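In this note's numbering, the protein residues as written are 11 to 452.
1. So, are the CB atoms of residue 17 and residue 107 less than 9 Å apart?
2. Exposed or buried, residue 166, counting other C-beta atoms within 10 Å across all chains shown (16 or more means buried)?
3. In terms of residue numbering, what span does the alpha helix (DSSP H) encompassing residue 364 cover?
4. Using a 10 Å radius around the Cβ and a threshold of 16 neighbouring Cβ atoms, would you call residue 399 buried or exposed?
5. Starting from the C-beta of residue 437, find all residues in its chain whose C-beta is less than 7 Å away, skip the five residues before and the five after it, and write them out in chain order.
6. Quick one: what does DSSP say residue 251 is sitting in, helix, strand or coil?
7. Please tell me whether residue 231 and residue 248 are closer than 9 Å, where the distance is taken between their beta carbons.
8. Starting from residue 228, trace the alpha helix (DSSP H) in both directions and tell me its first and last residue.
9. Spell out whether any CB of chain B is found under 9 Å from the CB atom of residue 89.
10. Give the DSSP-derived three-state secondary structure of residue 197 in the structure shown.
11. Since I believe residue 219 is in contact with residue 183 (beta carbons under 8 Å), could you give me their beta-carbon distance rounded to a whole number of angstroms?
12. So, do the region 187-203 and the region 356-365 have three or more beta carbon pairs nearer to each other than 8 Å?
13. Can you say whether residue 63 is buried or exposed, counting buried as having 16 or more other CB atoms within 10 angstroms of its CB?
14. Measure the alpha-carbon distance for residue 343 versus residue 393 and round it to whole angstroms.
15. Restricting to Cα atoms, I'd like to know which of 280, 191 and 327 is closest to residue 73.
16. Using C-beta distances below 8 Å, list every residue in its chain close to residue 60, excluding the 5 sequence neighbours before and after it, in chain order.
17. For the putative contact between residue 160 and residue 193, defined by C-beta atoms under 8 Å, what is the C-beta separation to the nearest angstrom?
18. Since residue 422 and residue 353 should fall inside the 8 Å C-beta cutoff, what is the C-beta to C-beta distance between them, to a whole number of angstroms?
19. Tell me the rounded alpha-carbon separation between residue 78 and residue 291.
20. Could you check whether the region 109-125 touches the region 221-230, counting it as contact only if at least three pairs of C-beta atoms, one from each stretch, sit closer than 8 Å?
21. So, at 7 Å on beta carbons, what are the nonlocal neighbours of residue 381 in its own chain, with the 5 sequence-adjacent residues on each side left out?
22. Do residue 120 and residue 30 have their CB atoms nearer than 9 Å?
23. Between which residues of its own chain and residue 451 is the CB-CB distance below 7 Å, once the five residues before and five after are set aside?
24. I want to know whether the region 211-225 touches the region 256-272 - three or more CB-CB distances under 8 Å.
25. I need the straight-line Cα distance from residue 246 to residue 287, nearest angstrom please.
26. Report the start-end ranges of each alpha helix (DSSP H) in the region 268-294 that is 4 residues or longer and not cut off at the edges.
27. For residue 311, report the span of its alpha helix (DSSP H) as first-last.
28. When the distance is taken between beta carbons, is residue 26 closer than 9 Å to residue 52?
29. Does the distance from the CB of residue 124 to the CB of residue 374 come in under 9 Å?
30. Can you say whether residue 154 is buried or exposed, counting buried as having 16 or more other CB atoms within 10 angstroms of its CB?
31. Candidates 242, 294, 240 and 225: which alpha carbon is nearest residue 253's?
32. Taking the C-alpha atoms as reference points, what is the distance between residue 138 and residue 403?
33. In three-state terms, what does DSSP make of residue 331?
34. Ends of the alpha helix (DSSP H) at residue 111?
35. For residue 442, which option in 345, 307 and 265 has the closest C-alpha, if you only look at C-alpha atoms?
36. Given a cut-off of 9 Å, decide if residue 81 and residue 196 are closer than it, judged by their beta-carbon atoms.
And the structure:
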């Protein structure tokens, strides 16, 4: 045990946990905007007022905005913390830091599982552990830290069980299903890789394992869906955010991010029933798709460029506006780190696709591809790509471990051309918005 705690990965996990917690305590940022909404819902749940954002809506939850927020996994996580420790945000920061440490270990374990290379595995863990974006998000009451922990934990557990020559116990597969259920409840985009898992198991005629994996999602997500559907007299899987977000991200005036057009904002201002928002959002989405197919396709490309653009570093957080130099350093660090992740990750991902043809490696590649595919069609914001970072880190570690000068540099060159093209397109299309943001820090 003593030797384990002195191992490089254990030291790395401890350092990441301490750095993440220290950042959160140093800036001591209070919950704002989305974070404040999650905080309100969690605190109201802890007090027994129900799943509501505004306590005045306790008697009429249909008029409340809680069901429009992505969830409910993170809100129940906060409720559990507040129930046990009281309404103290700093407890959440500590738990976030511990989850970050665990995520770093999972990335290390996944990399070592595939590469059997200690240095490469530590490199992958390093890329995730010291990512400026993920350190900053630790101090914010947002879903990303918890979601990435559940997602990467589910991926690692799934890979281990599927590749094992020894038949796993029923409880092991149920445990994997629990991780997937928690990931889906935290952010429903995890439903995509969960379906991939079930599909792979069914393809290999592992019916029992597939049934055990879906057991917990059916129980947890299903029971929540049933309760919300009964409350609102309208089918709801997790929340009503889905079709509304698709409408915001796909309309003639959409920018690709969560900027509501004047038409949508006016409709939102007078519509308090979220089920109406979802129904109208679905209708408007398909109306845009069928009536403006070429504009729809261009918008998907534009969102793809937003997703990988170097013009979208993380750092424009409210708590940093009072510290201009801190914001500049954060933005610069995020830019360099994210470019390193995308460049090394995409180059390594291509090599992975070309060279690693076993079933488990292909499954991991599908899990990775599922991250942008689940986000880009809806809305692209800088923090929505954070769940892709662990996969990019593993691919970047593979790129470094298998580096062959001529071949690797040629692939890296093509990747930089792609990233440069995407960045230039983003800069051209969103020039005024980008220059406005740059002006804030100059």
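Even glycine gets a Cβ: it sits at the ideal position worked out from N, Cα and C. Bear in mind the structure is a predicted one, so any value in this text is a computation, not a measurement.
In short:
1. no
2. buried
3. Where residue 364 is concerned, the enclosing alpha helix (DSSP H) stretches over 334-365.
4. buried
5. 321 and 444.
6. helix
7. yes
8. Looking at the DSSP string, the run of the alpha helix (DSSP H) that includes residue 228 is 217-242.
9. Reference to chain B is not applicable here, since this structure consists of a single protein chain.
10. coil
11. 5 Å
12. no
13. buried
14. Distance between the alpha carbons of residue 343 and residue 393 is about 15 Å.
15. 280
16. 54, 68 and 71
17. 4 Å
18. 7 Å
19. 12 Å
20. no
21. 397, 398 and 401
22. Note that the C-beta distance between residue 120 and residue 30 is not below 9 Å.
23. These residues qualify, in order along the chain: 334, 337, 338 and 341.
24. Judged by Cβ distances under 8 Å, the region 211-225 makes no contact with the region 256-272, as fewer than three pairs qualify.
25. 12 Å
26. 272-280
27. 303-318
28. no
29. yes
30. buried
31. 294
32. 7 Å
33. coil
34. 99-125
35. 265
36. yes
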